[in-house]
Amino acid sequence: MSVILKTENLEKTFRLTAKQQKLQNTKAKTLKAVDNLSFEAYKGEIFGLLGPNGAGKTTTLRILATLIKADGGDAIIDGSSVKTDPAAVRSKIGFLTSELKLEDFFTPNYLFDFFAKLHNIPPDVSAKRKEELFAKFGVDKFAEVKVSNLSTGMKQKSSLVISIVHDPNIIIFDEPTNGLDVLTAKVVTDFLMELKEQGKTIIVSTHIFSLVEKLCDRAGVIINGKMTACDTLENLTKEKSLEDLFFDLYAETVGEAV
Amino acid sequence: MSGIATVMKKEFARFFGDKRMVLSTLLSAVLIYVVYSFMGTAMQDMFAPDVDHTPIVYAVNLEAPIEQRLQSAGLSVRQIGENEVDSVKERISQRDVDVVAVFPIGFVELATAFNPQTVGGLPPNVEVFFNSTDPNSSNTFMRVVGLLDEYEAYLSNRFSKFDINRIDADMPVSPDLATEADISATIISSLMPMLLMMFLFTGCMALAPESIAGEKERGTLATLLVTPLGRSELAAGKILSLAVLSFLSGLVTTVATILALPNLMGGGADGAIVDVGIYSTTDYIWLGVVILSTILLSVAVISIISAFAKSVKEANMAISPLMVIVMVVGVTGMFGGIAENPMLYLIPFYSSVQSMSGILALDYYTTNVAISSISNIVYACIGGIALTKMFNSEKVMFSK
Numbered sequence: 006m007s008v009i010l011k012t013e014n015l016e017k018t019f020r021l022t023a024k025q026q027k028l029q030n031t032k033a034k035t036l037k038a039v040d041n042l043s044f045e046a047y048k049g050e051i052f053g054l055l056g057p058n059g060a061g062k063t064t065t066l067r068i069l070a071t072l073i074k075a076d077g078g079d080a081i082i083d084g085s086s087v088k089t090d091p092a093a094v095r096s097k098i099g100f101l102t103s104e105l106k107l108e109d110f111f112t113p114n115y116l117f118d119f120f121a122k123l124h125n126i127p128p129d130v131s132a133k134r135k136e137e138l139f140a141k142f143g144v145d146k147f148a149e150v151k152v153s154n155l156s157t158g159m160k161q162k163s164s165l166v167i168s169i170v171h172d173p174n175i176i177i178f179d180e181p182t183n184g185l186d187v188l189t190a191k192v193v194t195d196f197l198m199e200l201k202e203q204g205k206t207i208i209v210s211t212h213i214f215s216l217v218e219k220l221c222d223r224a225g226v227i228i229n230g231k232m233t234a235c236d237t238l239e240n241l242t243k244e245k246s247l248e249d250l251f252f253d254l255y256a257e258t259v260g261e262a263v
Numbered sequence: 140m141s142g143i144a145t146v147m148k149k150e151f152a153r154f155f156g157d158k159r160m161v162l163s164t165l166l167s168a169v170l171i172y173v174v175y176s177f178m179g180t181a182m183q184d185m186f187a188p189d190v191d192h193t194p195i196v197y198a199v200n201l202e203a204p205i206e207q208r209l210q211s212a213g214l215s216v217r218q219i220g221e222n223e224v225d226s227v228k229e230r231i232s233q234r235d236v237d238v239v240a241v242f243p244i245g246f247v248e249l250a251t252a253f254n255p256q257t258v259g260g261l262p263p264n265v266e267v268f269f270n271s272t273d274p275n276s277s278n279t280f281m282r283v284v285g286l287l288d289e290y291e292a293y294l295s296n297r298f299s300k301f302d303i304n305r306i307d308a309d310m311p312v313s314p315d316l317a318t319e320a321d322i323s324a325t326i327i328s329s330l331m332p333m334l335l336m337m338f339l340f341t342g343c344m345a346l347a348p349e350s351i352a353g354e355k356e357r358g359t360l361a362t363l364l365v366t367p368l369g370r371s372e373l374a375a376g377k378i379l380s381l382a383v384l385s386f387l388s389g390l391v392t393t394v395a396t397i398l399a400l401p402n403l404m405g406g407g408a409d410g411a412i413v414d415v416g417i418y419s420t421t422d423y424i425w426l427g428v429v430i431l432s433t434i435l436l437s438v439a440v441i442s443i444i445s446a447f448a449k450s451v452k453e454a455n456m457a458i459s460p461l462m463v464i465v466m467v468v469g470v471t472g473m474f475g476g477i478a479e480n481p482m483l484y485l486i487p488f489y490s491s492v493q494s495m496s497g498i499l500a501l502d503y504y505t506t507n508v509a510i511s512s513i514s515n516i517v518y519a520c521i522g523g524i525a526l527t528k529m530f531n532s533e534k535v536m537f538s539k
């Protein structure tokens with residue numbers, strides 16, 4: 006198995022405002038969101054980043070998607086560094102998070118074409134891909150409906166389709182099933198499995214144990230910005246369930262039982 | 140480079156696809172036309188005398204030569220005695236009577252004999268009383284004074300070429316030597332730069348905060364940032380498309396203003412006072428260059444402020460003080476002469492106002508206008524670079 010994504014000693018520190026200090030009940034002026042984080046993902050696998058809220062999962066994924074810069078360390082994605090060649094990284098990945106939205110005013114049809122152009126996809130290729138993906142997710146029936154008039158599920162499906170407009174080999178999903186009803190969530194997870202079968206590499210972040218158990222080949226447990234465990238799911242759950250392992254790791258790292 | 144075109148196309152699709160946005164732009168132009176025309180008509184009505192009113196001049200010690208002049212000018216004359224003057228004055232203040240003119244006894248003889256070079260002293264005095272708040276009274280007063288001036292000129296210039304009774308072909312008909320083009324240019328150049336600055340800036344303000352702060356607020360800008368689209372392409376695409384749209388919106392409102400200007404200035408529908416045909420093609424080209432470069436600068440500045448802001452509301456609040464500054468700078472075009480020092484044409488916005496004033500007053504140095512336009516474009520490019528850096532900055536893009 007070849008390594009397609011490798012992060013080395015990633016670090017990210019945020020400055021806390023007085024308001025944030027008060028909210029988090031701390032006097033520290035900075036917060037280390039990602040602390041010396043290293044992991045690898047292999048080609049064709051689904052890698053899960055598991056951790057509680059505020060553990061640093063989203064920050065890590067944002068660094069990988071080149072939306073923010075790491076203070077230290079680097080990540081090499083399919084041979085390109087997020088630090089030195091972010092533009093190349095962006096053309097190789099598909100990134101989906103609930104924070105990235107589609108413009109309400111436009112239709113899925115228009116937006117698909119728009120993003121295809123931004124990714125320099127030839128029109129005939131993009132048209133074929135649009136037809137396939139729209140049909141698969143049922144977006145075709147709503148192709149000419151403005152995003153503002155779509156249901157939450159259809160919005161999420163449209164975002165998903167558009168995020169992979171360029172058929173990337175690496176797909177990064179931040180909390181892929183958050184806020185979705187069970188039916189839409191199943192469509193998304195089934196699709197992730199399908200992408201894996203196509204040989205794509207998928208990185209997902211989640212705090213849902215069952216999702217990791219269901220989807221992931223390998224997983225890393227992040228607590229307070231640190232990678233506390235990283236292995237195949239088989240090895241991680243050899244002695245205890247993923248949930249028990251997580252709580253033990255949490256108690257070890259934070260120094261208190263949940 | 141294709142990214143710039145793609146972003147621009149999307150911005151155009153956003154604007155032209157939104158009927159409400161297009162309608163509100165057109166509606167503001169219609170409103171400008173209606174409001175300015177209404178203002179013009181209202182002002183005219185306020186200061187214009189009644190058409191049906193026959194002006195009456197009450198006069199004391201009026202002699203035949205003067206009476207003839209007044210009557211031939213269409214003024215009705217009533218002779219009164221000196222003892223009636225006070226009661227007539229009272230009636231003037233009550234707007235019942237237009238004007239009373241008190242002549243000295245033997246005015247015609249005194250006036251004819253008066254020669255400042257030989258006699259010295261003061262000429263015979265005529266007292267004319269009127270009520271400035273009554274348009275009929277003001278109008279009659281102006282006419283009486285005009286006739287008296289005419290009479291004075293007739294007496295003193297009896298043998299000169301400017302004798303008003305000796306109108307020849309080679310003689311100026313009106314003592315006002317300003318050409319119609321000058322009058323038009325003066326009126327247009329005093330008003331238009333301020334109005335243009337206002338329209339251009341508000342045009343940019345209506346679009347840029349929504350396009351940048353709005354996209355940032357809604358999370359759609361971040362979606363663009365994870366594509367291979369270069370940050371500089373995004374900045375250039377945004378600035379250029381917003382500039383084109385602002386130009387179109389400015390153009391519509393400017394045309395409405397130009398159409399309304401004759402009504403506003405009281406020239407009526409025939410536009411006798413204000414004539415925009417006085418400018419040459421070169422003047423219009425320079426004006427276009429100044430306007431375009433000013434729009435580019437405005438869009439760049441507003442975009443930077445919008446990128447800093449966390450929401451459209453915050454962006455609009457932050458831009459408001461700048462808007463006031465631009466308006467104040469716009470007003471400077473209404474007063475004083477046109478700056479000649481080329482260095483002054485490096486000051487953003489002020490240089491635009493001066494250039495527009497100069498062009499519209501038909502009194503400008505091409506070098507200065509060129510300095511103004513080039514400096515605006517250079518500032519806009521610097522703004523574009525700054526915007527690129529901001530799109531690259533996570534602190535600016537993702538600060539909450």
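Residue numbers (this note's numbering), protein chains in the order written: chain A, 6 to 263; chain B, 140 to 539.
We treat Cβ as the ideally placed atom computed from N, Cα and C, and that holds for glycine.
Item	Value
T265/A classed as buried or exposed, judged by whether at least 16 other C-beta atoms fall within 10 angstroms	Past the boundaries of the shown model lies residue 265/A; chain A is included only from 6 to 263, so the question cannot be answered.
Which of helix, strand or coil DSSP assigns to I228/A	strand
Chain B contact residues for R223/A, given Cβ-Cβ distances below 7 Å	Here the premise fails: no neighbours, minimum Cβ distance about 24 Å.
Simplified DSSP assignment, three categories, for G156/B	coil
Span of the alpha helix (DSSP H) around G522/B	T505 to N531
Interface residues of chain B facing I73/A [CB-CB closer than 8 Å]	E533 and F537
Under 8 Å by beta carbon: chain A residues contacting R153/B	E108, F110 and F111
9 Å Cβ cutoff, I98/A in contact with chain B	yes
Beta-carbon proximity list for G376/B, same chain, < 6 Å, skipping 5 on both sides	I143, V146 and M147
Neighbour-count burial assignment, V312/B, 16 or more Cβ in a 10 Å radius	Its pLDDT being 42, under 50, V312/B is placed unreliably by the model, and the measurement read from it follows with that caveat. Answer is exposed; the Cβ neighbour count stays below 16.
Start-to-end residues for the beta strand (DSSP E) that takes in E13/A	V8 to R20
Below-9 Å beta-carbon distance, D157/B vs any chain A residue	yes
Cross-strand partners of C235/A (DSSP beta bridge)	G225/A
Close-in-space but distant-in-sequence residues of the same chain around N114/A (CB under 7 Å, 5 per side omitted)	A148 and E149
Short Cβ contact (9 Å threshold) for L501/B with Y418/B	yes
Three-state secondary structure assigned by DSSP to K37/A	strand
Chain B residues whose Cβ lies nearer than 7 Å to that of F120/A	T366
Selected residue, minimal CA-CA separation from I516/B, among L387/B, F474/B and A439/B	A439/B
Of the listed residues N402/B, S371/B, V463/B and G220/B, nearest to A240/B (C-alpha basis)	G220/B
Beta carbon of L42/A nearer than 9 Å to that of G230/A	yes
Three-state secondary structure assigned by DSSP to L101/A	strand
Rounded Cβ spacing between V152/A and E108/A (contact assumed at less than 8 Å)	7 Å
Element boundaries [alpha helix (DSSP H), containing A375/B]	R370 to L403
C-alpha distance - E202/B paired with I195/B, whole-angstrom precision	16 Å
With 16 other Cβ atoms within 10 Å as the buried cut-off, status of D129/A	exposed
Cβ shell of F19/A (< 6 Å), same chain only, five flanking positions each side left out	L36 and A38
9 Å Cβ cutoff, G369/B in contact with chain A	yes
Min CB distance N30/A to chain B below 9 Å	no
The segment 10 to 26 of chain A touching the segment 77 to 86 of chain A, judged by at least three CB pairs closer than 8 Å	yes
Under 9 Å between C-beta atoms of M462/B and M536/B	no
The segment 328 to 342 of chain B in contact with the segment 365 to 380 of chain B per 3-pair CB rule at 8 Å	no
Beta carbon proximity, A361/B to chain A, threshold 9 Å	yes
T145/B at chain A interface by Cβ criterion, 9 Å	yes
Nearest-angstrom Cα separation, counted from M473/B out to G285/B	30 Å
Chain B contacts from the segment 74 to 96 of chain A (Cβ-Cβ distance under 7 Å)	K74, A92, R95 and S96
Test: K149/B CB closer than 9 Å to a CB of chain A	yes
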